[in-house]
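The block underneath contains the structure these notes are about, expressed in structure tokens.
There are 2 protein chains.
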Amino acid sequence: MVFGSPYSLAFRYQKKTPFIAMQKKMNVQILGIAKYLPKTILQNTELETKLELPVGHIYHRNGVKARHVAREEYHETTVNMGSWALQRALNMAELEANALDLIIFASAGAEQAIPDTAPLIQRNLKLGNSGIACFSVHSTCLSFLTAVDIAANFIANQRYRNIGIVCSERSSTSIDPADPMTYTLFGDAACAVVLGPTQATETSNILNIHFSTFGDGAHLTQIPGCGTKIHPNGKETQYADNTFRMKGKEVLRYALKKAPEVLPKIWDNQNNWSDLDIIVPHQTSKVGMHAFLRHFPEDRIVRTLARYGNCVSVSIPLGLEEAIRTKKLLRGQRALLIGTGAGFSIGGIVLEY
Amino acid sequence: MVFGSPYSLAFRYQKKTPFIAMQKKMNVQILGIAKYLPKTILQNTELETKLELPVGHIYHRNGVKARHVAREEYHETTVNMGSWALQRALNMAELEANALDLIIFASAGAEQAIPDTAPLIQRNLKLGNSGIACFSVHSTCLSFLTAVDIAANFIANQRYRNIGIVCSERSSTSIDPADPMTYTLFGDAACAVVLGPTQATETSNILNIHFSTFGDGAHLTQIPGCGTKIHPNGKETQYADNTFRMKGKEVLRYALKKAPEVLPKIWDNQNNWSDLDIIVPHQTSKVGMHAFLRHFPEDRIVRTLARYGNCVSVSIPLGLEEAIRTKKLLRGQRALLIGTGAGFSIGGIVLEY
Chain A
1 MVFGSPYSLA FRYQKKTPFI AMQKKMNVQI LGIAKYLPKT ILQNTELETK LELPVGHIYH
61 RNGVKARHVA REEYHETTVN MGSWALQRAL NMAELEANAL DLIIFASAGA EQAIPDTAPL
121 IQRNLKLGNS GIACFSVHST CLSFLTAVDI AANFIANQRY RNIGIVCSER SSTSIDPADP
181 MTYTLFGDAA CAVVLGPTQA TETSNILNIH FSTFGDGAHL TQIPGCGTKI HPNGKETQYA
241 DNTFRMKGKE VLRYALKKAP EVLPKIWDNQ NNWSDLDIIV PHQTSKVGMH AFLRHFPEDR
301 IVRTLARYGN CVSVSIPLGL EEAIRTKKLL RGQRALLIGT GAGFSIGGIV LEY
Chain B
354 MVFGSPYSLA FRYQKKTPFI AMQKKMNVQI LGIAKYLPKT ILQNTELETK LELPVGHIYH
414 RNGVKARHVA REEYHETTVN MGSWALQRAL NMAELEANAL DLIIFASAGA EQAIPDTAPL
474 IQRNLKLGNS GIACFSVHST CLSFLTAVDI AANFIANQRY RNIGIVCSER SSTSIDPADP
534 MTYTLFGDAA CAVVLGPTQA TETSNILNIH FSTFGDGAHL TQIPGCGTKI HPNGKETQYA
594 DNTFRMKGKE VLRYALKKAP EVLPKIWDNQ NNWSDLDIIV PHQTSKVGMH AFLRHFPEDR
654 IVRTLARYGN CVSVSIPLGL EEAIRTKKLL RGQRALLIGT GAGFSIGGIV LEY
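Shown next, in the form of structure tokens:
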């Protein structure tokens with residue numbers, strides 16, 4: 001493992017030279033993490049009756065047994081679920097909300113187009129006059145990892161001190177009940193993390209972060225609408241344009257093709273994964289998780305797919321929250337957070353909790 | 354001016370103490386900057402005829418004389434306009450496209466909901482198999498400044514070397530022709546910047562970055578639709594939900610109220626703005642620009658409002674591009690980039706070009 005500058009400044013005007021380099025270790029830690037799961041649990045039996053599918057079909061097909069579904073009657077909006085999770089994460093961190101310097105909303109979905117969702121969460125936490133900086137990031141299922149990357153570099157560079165990252169997805173709003181494949185796979189949830197600098201007496205840090213995006217696979221996972229290409233008000237816009245569609249088999253094939261190239265950039269010690277205590281993968285689907293097992297030791301993998309479904313950007317922090325809460329990840333132990341996302345992207349973070 | 358760490362780590366678990374501190378100077382520079390303006394120019398005369406407004410009414414009202422409008426026939430999509438601008442910025446930087454380490458798409462609008470727009474631009478530049486990391490940020494009109502903040506901290510912390518930031522807005526898609534206030538104000542455009550580390554022989558740097566967000570003002574500027582709150586497929590979703598709406602006078606009043614609190618955090622030497630060579634404000638509207646002049650010296654302010662309208666996230670980089678291209682901002686000179694955005698946010702960056 002080599003740390004330090006991954007490149008010489010002298011390379012600036014030259015074609016990028018290929019390198020596999022770990023980045024500088026960053027003295028950043030998780031101060032708090034918490035989730036919000038909608039009150040309503042939708043079991044497969046109910047869905048199988050509704051969709052006229054044989055009993056047991058859904059679990060056999062995608063590995064999901066139940067998923068939480070946000071309901072208006074419980075005010076489970078994207079903003080509320082995210083705010084509740086962030087408040088709980090602040091409680092765990094023993095931080096007052098106004099000790100935050102920045103709130104990053106990091107999800108595929110948003111409450112509305114403008115403003116972005118972060119200021120709406122800030123207002124919801126009675127911080128609407130605080131001035132705490134806010135913005136949103138979006139890299140679909142990897143949005144949480146992207147936000148951690150941004151936040152960790154801000155903290156390491158002393159730009160900000162305490163940063164709240166909020167992921168909140170209400171996929172149930174934008175999946176098509178006529179498409180059993182996606183309708184049975186996704187679940188609603190929110191999860192938030194508070195990051196801050198590691199103190200001198202503490203050992204927590206972030207060892208490496210890497211993302212690879214291959215736009216050639218951008219067509220494999222899409223909501224083609226809700227933008228300038230197929231605007232909601234367009235005369236020819238169809239219902240299906242605003243729903244999620246995924247070429248499941250092709251995504252899997254593409255991911256397996258790219259994994260050998262990308263994994264060494266995430267962690268260069270793959271022949272011996274024993275130096276990782278726990279692995280928190282994005283919970284894509286049954287076949288996605290099986291493919292994942294080709295590369296990683298099964299006994300250290302966190303699984304939430306059966307209980308929560310694929311929660312888009314929330315799946316990775318949700319798995320991390322579970323690992324920390326159930327003491328499968330203790331202070332000083334090492335975790336790999338890893339996933340794939342629309343784009344097509346593969347990303348991972350190795351941290352010492 | 355005091356540089357260095359703005360806080361002590363010992364404050365972590367305490368309530369945030371108020372401070373006004375400039376951050377660490379970052380050795381980051383603009384390697385290239387370029388724009389794309391749609392071919393079609395829509396003059397006020399044409400709009401005044403269409404909307405049955407008196408001749409001269411629009412300019413008198415909002416300060417806009419003409420705006421560029423993206424057309425399908427010229428393939429002026431959000432992705433294409435952004436890609437063309439980024440390619441030109443790379444040309445100016447004398448960098449091959451694959452020398453980029455990261456592409457950040459930074460706009461209020463997007464091509465489609467999933468994937469985010471950055472991978473689509475990557476693919477468009479024939480980089481679809483490059484692996485170059487991609488994600489999107491959104492803080493409405495301040496998206497460019499947010500992306501520069503993220504990119505500069507990445508570069509300063511040696512996380513990445515060359516970063517492309519792309520802003521591309523096709524507001525014409527989501528403004529309501531029945532609302533003359535917004536329909537006559539906004540323009541379409543794209544602008545891209547390539548950032549990289551400053552070499553030992555160079556002086557470029559970023560002196561300070563600050564953002565303040567006040568969620569209490571989130572309702573003043575909105576597109577309430579296109580999210581989970583009012584989904585395009587919702588039974589009660591109306592045309593107007595997917596269009597831009599702004600409480601112009603209230604935004605102005607709110608901005609003027611907050612400015613005295615925020616401006617000293619952007620630059621602590623306001624009593625003497627003479628140490629800034631040029632000021633590039635977001636081009637909000639005629640009254641917005643007038644309000645701005647209360648705080649800044651008129652002769653150093655870049656103006657593009659009359660020619661291009663309010664281009665949302667693109668207005669600030671468009672002004673910067675003009676200042677650099679027309680040599681109003683030379684290497685070694687100091688610029689302030691500043692603006693307001695939905696949220697409600699005020700943000701600014703002081704840099705030495």
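Line order of the protein sequences matches chains A and B. Using the numbering used here, read the first sequence as starting at 1 and increasing by one per residue. Using the numbering used here, read the second sequence as starting at 354 and increasing by one per residue. Idealized CB from N, CA, C, for every residue including glycine. Predicted, not measured: the structure shown is a model, and the values here were computed from it.
A direct Cα-Cα distance of roughly 42 Å separates Gly-568(B) from Tyr-59(A). Taking a beta-carbon distance threshold of 8 Å, Ser-313(A) does not count as an interface residue toward chain B. In chain B, no part has a C-beta under 9 Å from the C-beta of Asn-205(A); the shortest such distance is about 14 Å. Distance from the CA of Glu-298(A) to the CA of Asn-62(A), rounded to the nearest whole angstrom, comes to 18 Å.
Residue contact check for Cys-167(A) against chain B: no CB pair falls below 8 Å.
If the five residues before and after Thr-340(A) are omitted, its C-beta is found closer than 6 Å to the C-beta atoms of Ala-255, Ile-346, all from its own chain and listed in chain order.
One alpha carbon belongs to Ala-543(B), the other to Leu-102(A), and they sit about 28 Å apart. The C-alpha of Leu-560(B) is placed about 9 Å away from the C-alpha of Arg-687(B).
Assigned with DSSP and collapsed to three states, Leu-443(B) falls in helix.
In its chain, beyond the 5 residues on either side, Lys-418, Ala-419 have a beta carbon closer than 7 Å to the beta carbon of Arg-660(B). Using beta-carbon distances, Glu-603(B) does not count as an interface residue toward chain A, since no partner is under 8 Å. At a C-beta separation below 9 Å, Ser-345(A) has these neighbours in chain B: Pro-468, Pro-472, Ala-486, Cys-487, Phe-488. The continuous alpha helix (DSSP H) containing Gln-475(B) extends over residues 470-477. Here Gly-385(B) is buried: its Cβ has 16 or more other Cβ atoms, across all protein chains shown, within 10 Å.
Looking from the CA of Asn-506(B), the closest CA among Met-26(A), Glu-250(A), Ala-323(A) belongs to Met-26(A). In the structure shown, the three-state DSSP call for Glu-603(B) is helix.
Using beta-carbon distances, Cys-544(B) does not count as an interface residue toward chain A, since no partner is under 8 Å. One finds Ile-503 in chain B with Cβ atoms closer than 7 Å to the Cβ of Ile-150(A), taken in chain order. Excluding its 5 nearest sequence neighbours in each direction, Pro-577(B) has C-beta neighbours in its own chain below 7 Å: Ile-583, Asp-594, listed in chain order. According to the DSSP secondary-structure assignment, Met-26(A) is paired through a beta bridge with Ile-206(A). Distance check between Lys-126(A) and each of Phe-135(A), Leu-142(A), Cys-141(A), Leu-86(A) places Leu-86(A) closest, using alpha-carbon atoms only. Spanning the alpha carbons of Pro-533(B) and Met-642(B) requires a straight line of approximately 19 Å. With a threshold of 8 Å between beta carbons, Ile-528(B) makes no contact with chain A. Spanning the alpha carbons of Glu-705(B) and Arg-476(B) requires a straight line of approximately 33 Å.
Beyond the five residues adjoining it in sequence on each side, Ile-677(B) comes within less than 8 Å, by CB distance, of Ile-383, Ile-386, Tyr-706 in the same chain, given in chain order. One finds Asn-586 in chain B with Cβ atoms closer than 7 Å to the Cβ of Tyr-239(A), taken in chain order. The shortest C-alpha to C-alpha distance from Thr-117(A) to any of Ala-471(B), Thr-554(B), Ala-461(B), Ile-467(B) is the one to Ala-461(B). Taking 8 Å as the Cβ-Cβ cut-off, the region 300-326 of chain A has no residue approaching chain B. Interface flag for Gly-568(B) against chain A is set, since a Cβ pair is found closer than 8 Å. Checking the DSSP bridge columns, you'll see Asn-310(A) partnered with Phe-186(A).
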